[in-house]
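Enquirer:
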Amino acid sequence: MTDTPPPPPTYTSAPVLAPTGVARPPVSGMPKPPPKPLGNDGRDFKAGDHVVYPTHGVGQVQGIEEIIVMGSVIGMIVVTFDENRMTLKVPISKASTAGLRMLADGPKIGEALDTLKGRARIKRTMWSRRAQEYEQKINSGDPISIAEVVRDLHRNSGQPDQSFSERQIYEQALDRLAAEVAAIDKTDKPTAVEKLLATLKLGLAS
Numbered sequence: 001m002t003d004t005p006p007p008p009p010t011y012t013s014a015p016v017l018a019p020t021g022v023a024r025p026p027v028s029g030m031p032k033p034p035p036k037p038l039g040n041d042g043r044d045f046k047a048g049d050h051v052v053y054p055t056h057g058v059g060q061v062q063g064i065e066e067i068i069v070m071g072s073v074i075g076m077i078v079v080t081f082d083e084n085r086m087t088l089k090v091p092i093s094k095a096s097t098a099g100l101r102m103l104a105d106g107p108k109i110g111e112a113l114d115t116l117k118g119r120a121r122i123k124r125t126m127w128s129r130r131a132q133e134y135e136q137k138i139n140s141g142d143p144i145s146i147a148e149v150v151r152d153l154h155r156n157s158g159q160p161d162q163s164f165s166e167r168q169i170y171e172q173a174l175d176r177l178a179a180e181v182a183a184i185d186k187t188d189k190p191t192a193v194e195k196l197l198a199t200l201k202l203g204l205a206s
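In terms of the UniProt record's numbering, the sequence shown opens at residue 1 and continues consecutively.
1. Could you pull the start and end residues of the beta strand (DSSP E) that residue 54 belongs to?
2. Going by DSSP, which residues form a beta bridge with residue 81?
3. DSSP three-state call for residue 110: helix, strand or coil?
4. Taking the alpha helix (DSSP H) that residue 100 belongs to, which residues open and close that run?
5. Measure from the alpha carbon of residue 104 to the alpha carbon of each residue in 179, 200, 198, then state which is nearest.
6. Pull up the distance between the alpha-carbon of residue 212 and that of residue 97, whole angstroms please.
7. Would you mind giving the Cβ-Cβ distance between residue 52 and residue 101, rounded to the nearest angstrom? I have them listed as a contact below 8 Å.
8. By the DSSP assignment, the alpha helix (DSSP H) with residue 132 in it spans what residues?
9. Which value, in whole angstroms, describes the spacing of the CA atoms of residue 92 and residue 159?
10. Is it buried or exposed for residue 146, if we count other Cβ within 10 angstroms and need 16 for buried?
11. Would you decide whether residue 148 is buried or exposed? Buried here means 16 or more other CB atoms lie within 10 Å of its CB.
12. Quick one: what's residue 75 bridged to in DSSP?
13. Closest to residue 128 by C-alpha separation, out of 165, 171, 143, would be which residue?
14. Quickly, what does DSSP pair residue 60 with across the bridge? List them, please.
15. Verify whether the separation of the beta carbon atoms of residue 208 and residue 94 is less than 7 Å.
16. Would you check if there are 3 or more beta carbon pairs closer than 8 Å linking the region 165 to 177 to the region 62 to 81?
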């Protein structure tokens with residue numbers, strides 16, 4: 001007859017008191033505190049921060065929630081995306097690999113704007129393949145890659161021969177980049193779109 005294994009211990013946040021009323025030190029196996037939620041530039045993610053998630057664009061941190069899974073405390077960064085009416089919870093330990101980041105710094109967004117001034121680079125491949133590459137760039141969350149999509153598709157924007165899918169991808173990239181520029185400049189998205197379009201015109205005029 002085999003012995004029945006003891007049930008797993010349950011943990012509470014309150015200290016365990018000895019019969020004398022003196023608090024014992026935490027026992028081994030107590031939930032470990034979650035790591036600090038660091039942003040890409042070394043700052044802690046905190047409520048109110050604007051952040052970028054690759055597949056959803058700019059969102060805002062609402063706070064940090066903690067849940068206990070298998071006896072370990074998991075810190076979750078709660079991010080809301082107002083336009084999509086969506087809330088995303090990203091484990092702190094997975095934030096970096098998931099691509100969650102702070103807004104781009106000055107040099108990074110400056111390079112993205114300079115990219116808009118460059119010459120469009122259209123590959124001589126089928127549209128379906130190019131569309132897939134553009135989608136990958138948009139969902140990378142990298143502002144320079146997104147700027148490349150805007151630059152390459154802007155020349156045909158509004159033209160009768162522009163396909164519906166091409167127009168959709170162009171508008172998606174423009175919207176995604178404008179959202180980050182607006183958050184950085186502390187302005188609204190329409191103003192940011194005007195800034196991007198003006199930058200594109202400078203490139204076409206050169």
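Think of the CB as a built atom: it goes at the ideal place given N, C-alpha and C, for glycine as much as any other residue.
These figures come from a predicted structure and were not determined experimentally.
Expert: With the given structure in hand:
1. Element bounds for residue 54: n/a, residue is neither H nor E.
2. 86
3. helix
4. It is not in any alpha helix (DSSP H) - residue 100 carries neither H nor E in the DSSP assignment.
5. 179
6. Nothing about residue 212 can be reported from this structure: the residues present for the chain run from 1 to 206 only.
7. 5 Å
8. 127 to 140
9. 45 Å
10. buried
11. buried
12. 66
13. 165
14. 50, 80
15. The structure shown does not extend to residue 208, since the chain spans only 1 to 206, so no value can be given for it.
16. no
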